[in-house]
Amino acid sequence: MSKSKKALTTRDVPPQFLEAAFMVGHVPQMALQSDQRVSYSLYVPPGPYKSLAANEEDNTAKLPLLVNIHGTRRNLSAIYGDLKIFADSTPCAILQPLFPAGIEGPNDLDSYKKLKSKTLRSDLALLSMLDEVATRWPHIDTTKIFLMGFSGGGQFAQRFLYTHPERLSAVSIGAPGKVTLLDEFLKWPQGVDDIIEIFGRQIKLDSVEAVNIHLVVGSKDTTAHGGKDFKKWQGGKKVKSEDAASGGEVALTGNIESSKGQGRLGTLQHLQEHWKIDNIQCRLDIVDGVGHSADGVRSCVLDYLRPLMQKSSGS
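Residue numbers for the sequence shown, in the numbering used here: -19 to 295.
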């Protein structure tokens, strides 16, 4: 058996060669070494990072890291558009995980959103990505990240806030179809009754309260995914399946909203009120005229995150 090769880091490459070595700019899509079913995209703004790499004497200055979690369609294009522009101007690095559909069977679309399924802990996969980035790009701050996610990515972001708040400086939760309530009478992912059994840790409310929390949704995001007829059809498909994600439902039932007909807008309004009981403060932005669109709310998200990221890096 051949020995595993040592990962190349930016400290191994002279700053003037970082672009030629594909270590800055858009880094090639990378398989996660601990679970190669999962991969990630990384954008590292060349100018700011090379400046840090050239000044090795200052080990404290680092680029903040924004992690963007995709929705059910796995659209990763933002890292080549709005997020690249944001990274260059802030500046910051962008990490975009890819949790492929089909990990738990051909009908699995949703397992990553719940953080744990039969064979995947998506929260631990993200932590492993952060470890890889910390090793290979030592001038990126991975200790506390800025996390954003829309739709299915919003579900992941909200649950990651519960399970790993100590790793977050801020989180933006965008238009999730379902949320997890701090309800000790409901099991995960509806509530948190069995969170210690599933994740081996309890929720630390003081750590959650310390995170800057942003909720965002379009003012027109008020209808069920696919419409009433699709929702009715989905309800009839709630059957046990070998391909089901954690929770025992086939994947196509996973997007039914929990807001009783008020759509994702109602879901986030309910979550905000629910959190007030536990003194969890958050900002809710309702973007006028926008439906269920990541592109439609992204500028609002980035406007919220930019000053927080610049403050963290001293920019």
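The C-beta atom is built at its ideal place from N, Cα and C for all residues, glycine as well.
None of the values given here were measured: they were computed from a predicted structure.
Residue range of the alpha helix (DSSP H) that includes residue i
i: D265; result: Taken as a continuous stretch (DSSP letters only), D265 belongs to no alpha helix (DSSP H), being part of the beta strand (DSSP E) at 263 to 267.
i: Y23; result: Element bounds for Y23: not the alpha helix (DSSP H) but the beta strand (DSSP E), 19 to 24.
i: H250; result: 243 to 256
i: A274; result: 274 to 293
Cβ pair residue i, residue j closer than 8 Å
i: S149; j: K184; result: no
i: L75; j: M109; result: yes
i: D268; j: S199; result: yes
i: Y29; j: V4; result: yes
i: A33; j: L(-12); result: no
i: V197; j: A155; result: yes
i: L43; j: H119; result: yes
i: Q170; j: L161; result: yes
i: V277; j: V270; result: yes
i: A67; j: A73; result: yes
i: H250; j: D201; result: no
Cβ-based burial, residue i [other Cβ within 10 Å; buried from 16]
i: N55; result: exposed
i: S91; result: buried
i: G61; result: exposed
i: R53; result: exposed
i: T(-10); result: buried
i: E237; result: For E237, the predicted structure reports a pLDDT of 49, less than 50, and the residue's modelled location is therefore unreliable. The matter cannot be settled from this model.
i: Q135; result: buried
i: P25; result: buried
i: K220; result: With a pLDDT of only 47 at K220, under the threshold of 50, the placement of this residue in the model should not be trusted, and no figure is reported.
i: G180; result: exposed
i: I65; result: exposed
i: K(-15); result: exposed
i: K212; result: exposed
beta-carbon residue i near the ligand GTP non-hydrogen atom, thresh 7 Å
i: H144; result: The ligand GTP is not part of this structure, which contains no ligands at all.
8 Å Cβ cutoff, residue i in contact with chain B
i: G132; result: In the structure shown, chain B does not exist; there is a single protein chain.
Unbroken beta strand (DSSP E) run spanning residue i, endpoints
i: A204; result: It is not in any beta strand (DSSP E) - A204 carries neither H nor E in the DSSP assignment.
i: N192; result: 192 to 198
i: Q16; result: Careful: Q16 lies outside any beta strand (DSSP E) and carries neither H nor E.
- Message: So, does the segment 145 to 162 touch the segment 120 to 135, judging by three or more C-beta pairs under 8 Å?
- Response: yes
- Message: Quick check for students: name the residue ranges of the beta strand (DSSP E) that lie wholly in the segment 102 to 189, counting only runs of 3 or more.
- Response: 125 to 130, 148 to 154
- Given 8 Å as the limit, is there contact between the segment 184 to 194 and the segment 252 to 270, that is, 3 or more CB pairs closer than that? yes
- Item | Every unbroken beta strand (DSSP E) within the segment 34 to 98, with a cutoff of 3 residues, ordered by chain | 45 to 49, 73 to 78
- Below 8 Å, can you find three or more Cβ-Cβ pairs linking the segment 160 to 179 to the segment 200 to 216? no
- Message: Is it the case that the segment 112 to 122 contacts the segment 86 to 102, given that we only count it when at least three CB pairs across the two stretches are under 8 Å?
- Response: no
- Item | the segment 11 to 20 touching the segment 68 to 88, judged by at least three CB pairs closer than 8 Å | yes
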